[in-house]
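I have placed the structure first, in the form of structure tokens, so that the comments after it can refer back to it.
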Amino acid sequence: MGLGESEPKRIPRLPRRALDPMRRSDFHYDLPPDLIAQRPLAERAGARMLMLEEPAFAPRDRMFADLPRLLRPNDLLVFNNTRVMRARLYGRKETGGQVEILVERLLEPDEALAHVRASKSPKPGSRIDLAAGIGLRVMLREGALYRLRALGATFAEIMSTQGHIPLPPYIQRPDEFADEARYQTLYARREGAVAAPTAGLHFDAAMLQRLDDLGVGRAEVTLHVGAGTFQPVRVDDLDRHEMHAEWLDVDAEACARIETARRRGGRIVAVGTTSVRSLETAAADGQLKPYRGDSRLFIRPGYRFRVVDAMVTNFHLPESTLLMLVAAFVGYQPMMNAYRHAVAERYRFFSYGDAMFLARQGRD
Numbered sequence: 002m003g004l005g006e007s008e009p010k011r012i013p014r015l016p017r018r019a020l021d022p023m024r025r026s027d028f029h030y031d032l033p034p035d036l037i038a039q040r041p042l043a044e045r046a047g048a049r050m051l052m053l054e055e056p057a058f059a060p061r062d063r064m065f066a067d068l069p070r071l072l073r074p075n076d077l078l079v080f081n082n083t084r085v086m087r088a089r090l091y092g093r094k095e096t097g098g099q100v101e102i103l104v105e106r107l108l109e110p111d112e113a114l115a116h117v118r119a120s121k122s123p124k125p126g127s128r129i130d131l132a133a134g135i136g137l138r139v140m141l142r143e144g145a146l147y148r149l150r151a152l153g154a155t156f157a158e159i160m161s162t163q164g165h166i167p168l169p170p171y172i173q174r175p176d177e178f179a180d181e182a183r184y185q186t187l188y189a190r191r192e193g194a195v196a197a198p199t200a201g202l203h204f205d206a207a208m209l210q211r212l213d214d215l216g217v218g219r220a221e222v223t224l225h226v227g228a229g230t231f232q233p234v235r236v237d238d239l240d241r242h243e244m245h246a247e248w249l250d251v252d253a254e255a256c257a258r259i260e261t262a263r264r265r266g267g268r269i270v271a272v273g274t275t276s277v278r279s280l281e282t283a284a285a286d287g288q289l290k291p292y293r294g295d296s297r298l299f300i301r302p303g304y305r306f307r308v309v310d311a312m313v314t315n316f317h318l319p320e321s322t323l324l325m326l327v328a329a330f331v332g333y334q335p336m337m338n339a340y341r342h343a344v345a346e347r348y349r350f351f352s353y354g355d356a357m358f359l360a361r362q363g364r365d
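The opening residue of the sequence shown carries number 2 in our numbering; numbering runs sequentially from there.
What follows is the structure in structure tokens.
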């Protein structure tokens, strides 16, 4: 649908009664497919940026290059330093059928949990051949995942030689050489993700230097993004949604930097929803402290944020938990109005798309 052909459907409004539960369908919006970015821009920092902040939360069109003007000395940016694995593998079953594997989590050097796509589900004990002398043994099924054992090499070696960058399902093309660098943040260093923390893709060396010169601090956390981040919410009753688990690490150094920024009057600005979930998980009992382990934190309207004051983020899929998170951050109606504005103004959506800058509703 072109911009002038017809009006997008009306965004649903917040239920009238405060006690009415929100439904998955409340987070639907219509997105023309041609607005889904299929490739990155020539320059990392060249994206547009939609800004929402108090008091009105009316959308304002900016450029990502304007970010230093929105920050001030003593603010602290919190980055997710996860690194995307070459987690997509292609092989064949012993019967000759084609198999696509997406490694979700490494358990041991030779064991991993993975999604496996094939015409027929592989049986425990069967083998998947990847290359001469290299393959995978199917150990058992654990829910939607399979436990696999590497044969002839470690998983790290297999992914290094046979793996592909796991571009998201809405990017309708095979991975290319350029994706090796562009689907990775400049500061990525702890390998373990199957998807990039995409808000961080906008930061280039020049932008980081500008922020350093301004006196904006930096801290790092780790959340290894799993394939579940792309899974739609399948139940309309949000109380019944089972959140996927992702491993994260918020260390003592990050906590100390946040405390220092707070004492100096700075804001905590999360780069991406993964940084938000990391910090809010670590403060789940009311006080921020180091945390390492899995999180199933589901942030939706009504959630009380404990750490994050502002965030940089990209645009998110309709009816997704990430759209629900950002709606909780600035309010349901302002966020859905902002998405309608972004569609009308033809922003670029999702992983290789444009950015948003959000200042939290009702922050202290």
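Glycine included, every Cβ here is placed at the ideal spot set by N, Cα and C. The structure displayed is predicted, hence computed values, not measured ones.
Asked                                                                                                                                                                       : Found
Quick one: grab the DSSP three-state call for residue 136.                                                                                                                  : strand
Identify which residue in 319, 80 and 104 has its Cα closest to the Cα of residue 87.                                                                                       : 104
Would you report the Cα separation of residue 259 and residue 308, rounded to the nearest angstrom?                                                                         : 9 Å
Evaluate residue 1 with the Cβ neighbour count: other Cβ atoms within 10 Å of its Cβ, from every protein chain shown; 16 or more gives buried, anything less gives exposed. : Only positions 2 to 365 of the chain appear in this structure, which leaves residue 1 out of reach.
Output the boundary residues of the beta strand (DSSP E) element that contains residue 223.                                                                                 : 218-224
Is the CB-CB distance between residue 195 and residue 147 below 7 Å?                                                                                                        : no
Less than 8 Å between the CB atoms is what I'm expecting for residue 115 and residue 141, so what's the real figure, rounded?                                               : Actually they are not in contact, since the Cβ atoms of residue 115 and residue 141 sit about 12 Å apart, beyond 8 Å.
Does the beta-carbon distance from residue 322 to residue 193 come in below 7 Å?                                                                                            : no
Please name the residue in 110, 244 and 80 whose C-alpha comes closest to that of residue 157.                                                                              : 110
Can you look up residue 210 in the DSSP assignment and give me helix, strand or coil?                                                                                       : helix
Bridge partners of residue 306, per DSSP?                                                                                                                                   : Residue 306 is not bridged to any residue.
Residue 323 by DSSP, collapsed to three states: which one?                                                                                                                  : helix
Grab the span of the beta strand (DSSP E) containing residue 93 for me, first residue to last.                                                                              : 89-94
Please report the distance separating the alpha-carbon of residue 420 from that of residue 164.                                                                             : Because the chain spans 2 through 365 in this model, residue 420 falls outside it and cannot be assessed.
From the DSSP output, read off the bridge partner residues of residue 80.                                                                                                   : 221
Which residues in the same chain as residue 8 place their Cβ atom closer than 7 Å to its Cβ, once the five residues preceding and following it in sequence are excluded?    : Residue confidence for residue 8 is low, a pLDDT of 41 falling below 50, so the modelled location carries little weight and cannot support an answer.
Along the chain, where does the alpha helix (DSSP H) containing residue 336 start, and where does it finish?                                                                : 333-345
Have a look at residue 50 and residue 132 and give me their C-alpha separation to the nearest angstrom.                                                                     : 44 Å
Spatial neighbours of residue 241 within its chain, please: C-beta separation below 7 Å, excluding the five flanking residues on both sides.                                : none
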